[in-house]
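Participant: First the structure, which I've put down as C-alpha cells, then a few questions once you've had a look.
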Amino acid sequence: MTRLDFSHRTVRAVLITLSAGAFAALPALAAGDGVEITPIATFQTGSSFEATDFEFGPVDVDLKSSEDFGVLVDIPLNRHFQIELLYLDQSTEIELDQGLLFPGFSLGSIKLETAHAGVLWQGAAGQLKPFFVMTAGVTRLNPEDPFIDSETAFSMTLGGGVKAFVTRHIGFRLDGRLFVAALDTGNQRRHCCGDEGGSGFASGLVTAGVIFAF
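Read in order, the letters of the sequence shown correspond to residues 2 to 215 in this note's numbering.
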C-alpha cells in the first residue's frame, strides 16, 4: 500500500476540513497551482474476456466488480494542464462464465496493479474545477492460482470529473473513466487472461478522494 508523508501544513488543512460546518462562512479561495497528491477510493465495474486456458480451448472469463484504493499525483504545467500519475492496487475475483443457465465457477482471486501517466485539462479558476483526463500505461494481472501465469497488459483510461477546493491546499475530487486493457499473449498456454489473437476488456472506473495541494 502506498504511504504518503504529509507535511505539517497538510495535517493542519485536514483538521480544517473536519470542521466542515465552518466552510460555508469562509470567503471563496482560489486553489493553489502546486503539485496535488490525492489518495483515492475506487470502484471498478466487472468485465468479461476470452481466455485460452484450462485445457479446453477458448473460454469466457469474468472479472468481478471491486472496491479498492490508489493514489493520484498531478504536476502542473500551467493553469489548465497537468501531468497526471495514477497508481491502483486492486484485488478481485475471477470466474469461469458457464452461461446464463449455470452459476459462475470461481477460479480464485486476482490482483490488478496499474501504473499510468497522462494529461489532465482543467477549466475555470477558483474553487470549482471541472476536468478531462487521459492516461496510459500498464496493468499487471496476478492470479492466485500458481499454475496460471501472470500477465502485463497495455491499458488506458479516459474520462472526466470535478475538483472542489475548500482552501488553497485541500479539496475533494470525483471522476469517472472508461478503463480499457489490451491483452495479447501470443502462443502461450496456461496464461492468465488473453487469447491467441489478442483480446482485452473494458470496464467503468469511479474514483473519489481528498486533494492535498503543495
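Idealized CB from N, CA, C, for every residue including glycine.
#1: Going residue by residue through the segment 74–162, where are the continuous beta strand (DSSP E) segments of at least 3 residues, counting only ones entirely within it?
#2: Determine the direct distance from the alpha carbon of Glu-85 to that of Leu-73, and round the result to whole angstroms.
#3: For Pro-28, which three-state DSSP category applies?
#4: Do you know offhand how far Thr-93's Cα is from Trp-122's?
#5: According to DSSP, is Val-207 part of a helix, a strand, or is it coil?
#6: Could you pull out every residue in the same chain whose Cβ sits closer than 6 Å to the Cβ of Asp-34, ignoring the five residues on either side in sequence?
#7: If you measure between the beta carbons of Val-163 and Lys-130, is that distance less than 8 Å?
#8: Report the partner residues of Val-174 according to the DSSP bridge assignment.
#9: Can you tell which of Ala-125, Ala-118 and Gln-128 has the C-alpha that lies nearest to the C-alpha of Val-134?
#10: Could you confirm whether any beta carbon from chain C is found closer than 8 Å to the beta carbon of Thr-208?
#11: Per DSSP, which one or two residues make a beta bridge with Ser-66?
#12: In the DSSP assignment, find the unbroken beta strand (DSSP E) run with Phe-215 in it and report its ends.
#13: State the start and end residues of the unbroken beta strand (DSSP E) segment that holds Leu-43.
#14: Suppose the cutoff is 8 Å on Cβ atoms and the five residues either side in sequence are ignored; what does the same chain contact list for Thr-39 look like?
#15: How many angstroms separate the CA atom of Val-120 from the CA atom of Thr-140?
#16: From Phe-166 to Ala-42, what distance separates their C-alpha atoms?
#17: Which residue wins for smallest C-alpha separation from Glu-114, given the options Gln-45, Glu-37 and Val-36?
#18: Apart from the five residues just before and just after Met-157, which ones in its own chain have a Cβ nearer than 6 Å to its Cβ?
#19: Going by the beta-carbon positions, is the gap between Val-36 and Phe-215 smaller than 8 Å?
#20: Within its chain, find whatever has a CB closer than 6 Å to the CB of Glu-145; leave out the 5 residues flanking it on each side and keep chain order.
#21: Cα separation between Ile-95 and Ser-204?
#22: Who are the Cβ neighbours of Leu-179 in its own chain at under 7 Å, not counting the five residues just before and after it?
Facilitator: Reading from the atomic positions:
#1: 82–97, 106–123 and 129–144
#2: Residue mapping note: residue 73 aligns to position 72 of the sequence shown, counting from 1. Residue mapping note: residue 85 aligns to position 84 of the sequence shown, counting from 1. One C-alpha to the other measures close to 7 Å.
#3: Within the sequence shown, numbered from 1, the residue matching residue 28 stands at position 27. Residue placement at Pro-28 is flagged as unreliable, the pLDDT there being 40, under the threshold of 50; the coordinate-derived value follows with that caveat. In the structure shown, Pro-28 sits in coil (DSSP, three-state: anything other than H, G, I, E or B).
#4: Along the sequence shown, one-based indexing puts residue 93 at 92. Along the sequence shown, one-based indexing puts residue 122 at 121. Taking the straight line joining both Cα atoms gives about 31 Å.
#5: On the sequence shown, position 206 is the one that residue 207 refers to. Strand, per DSSP.
#6: As a first step, residue 34 must be located in the sequence shown, where it is residue number 33. Excluding sequence neighbours, Asp-34 sits near Pro-77.
#7: Taking the first residue of the sequence shown as 1, we reach residue 163 at position 162. Taking the first residue of the sequence shown as 1, we reach residue 130 at position 129. Going by C-beta atoms, Val-163 is nearer than 8 Å to Lys-130.
#8: As a first step, residue 174 is located in the sequence shown; it is residue number 173 there, counting from the start. One detail in the question is off: residue 174 reads as Arg in this sequence, not Val. Answer by DSSP bridge pairing, in chain order: Lys-164 and Gly-210.
#9: By one-based count along the sequence shown, residue 134 stands at place 133. It is Ala-118.
#10: No chain C is part of this structure, which consists of one protein chain only.
#11: Position 65 of the sequence shown, counted from the first residue, corresponds to residue 66. DSSP lists no partner for Ser-66.
#12: Your numbering for residue 215 matches position 214 in the sequence shown. No beta strand (DSSP E) contains Phe-215, which DSSP labels as neither H nor E.
#13: Locating residue 43 in the sequence shown gives position 42, counting from the first residue. Per the sequence shown, residue 43 should be read as Thr rather than Leu. Per DSSP, Thr-43 belongs to the beta strand (DSSP E) from 37–45.
#14: The residue labelled residue 39 in the question sits at position 38 within the sequence shown. For Thr-39, where only same-chain residues beyond five positions count, the Cβ hits under 8 Å are Val-72, Leu-73, Val-74, Asp-75, Arg-174, Gly-210, Val-211, Ile-212 and Phe-213.
#15: As a position in the sequence shown, residue 120 is number 119, starting the count at 1. As a position in the sequence shown, residue 140 is number 139, starting the count at 1. Using only the alpha carbons, I get a separation of about 18 Å.
#16: Within the sequence shown, the letter at position 165 stands for residue 166. Within the sequence shown, the letter at position 41 stands for residue 42. So the two alpha carbons sit approximately 18 Å from each other.
#17: As a working mapping, residue 114 is identified with position 113 in the sequence shown. For Glu-114, the nearest C-alpha among the options comes from Gln-45.
#18: Stepping through the sequence shown from its first residue, residue 157 is reached at position 156. Hits under 6 Å: Ala-137 and Val-181.
#19: On the sequence shown, position 35 is the one that residue 36 refers to. On the sequence shown, position 214 is the one that residue 215 refers to. Yes; because the gap between Cβ atoms is below 8 Å, this pair is in contact.
#20: On the sequence shown, position 144 is the one that residue 145 refers to. Contacts found: Gly-109 and Ser-110.
#21: The sequence position of residue 95 within the sequence shown is 94, counting from 1. The sequence position of residue 204 within the sequence shown is 203, counting from 1. Approximately 14 Å, taken between the alpha carbons.
#22: Locating residue 179 in the sequence shown gives position 178, counting from the first residue. Excluding residues within five positions, the ones whose Cβ falls inside 7 Å are Thr-158, Leu-159, Gly-160, Ala-203 and Gly-205.
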